[in-house]
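Each remark here refers to the structure printed beneath this line.
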Amino acid sequence: MILDQAASRLEALGNPTRLRIYRSLVRAGSNGSPVGKLQSDLGIPSSTLSHHLKALLAVGLVTQERQATTLVCRANYEVMGQLVSFLVEECCAGDRCGSVADNNHAA
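For the sequence shown, position 82 (counting from the first letter as 1) is numbered 202 according to the numbering used here, and the numbering increases by one without interruption.
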C-alpha cells in the first residue's frame, strides 16, 4: 500500500460517523449489513448514511452488493488488513517495542 492510499483511507475513517458505520460493518462479518439495518441500528438519516457510505466506498474500505431490492454493505477485510499492516510494518524500526504501559509512562 502506498502512502497516499493509506492517508485517504485513514482520512475516511477520521470522521466519527464513518468510523461508527465501518465498525458496525466489521462487527457484521462477511454477511454484511443491509443499508436499512445500518440506518436503523445507528440512527442515521438515509441521506447522511448514503453520503458517508460513498466516502468509504471511494477508498475501498466498503463494498456493496444488491440482493434483489436490498443493498448489502460489507467491510472490505482485505483492505482493512492491508491498512493495519501498513501502520505496523515499520513498528519500532527494528528495535524491540515496549509495552503500551511503558510507552504511556514515557509521554
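A virtual CB, placed ideally from N, CA and C, is assigned to each residue, including glycine.
Is DSSP giving residue i helix, strand or coil here?
i, result
"L130", "helix"
"V204", "helix"
"P165", "coil"
"L123", "helix"
Count the other CB atoms, across all protein chains shown, that sit within 10 Å of the CB of residue i; report buried if there are 16 or more and exposed otherwise.
i, result
"H171", "exposed"
"A132", "buried"
"L207", "exposed"
"I122", "exposed"
"V204", "exposed"
"L130", "exposed"
Grab the span of the beta strand (DSSP E) containing residue i for me, first residue to last.
i, result
"T190", "190 to 195"
"V182", "182 to 187"
Need the endpoints of the alpha helix (DSSP H) that residue i sits in, please.
i, result
"I141", "136 to 148"
Would the region 137 to 151 and the region 193 to 207 be scored as touching if the rule is three or more Cβ pairs under 8 Å? Touching, per the Cβ criterion.
Does the count of Cβ pairs from the region 147 to 161 and the region 180 to 192 closer than 8 Å reach three? Pairwise C-beta distances place the region 147 to 161 in contact with the region 180 to 192, as three or more of them are shorter than 8 Å.
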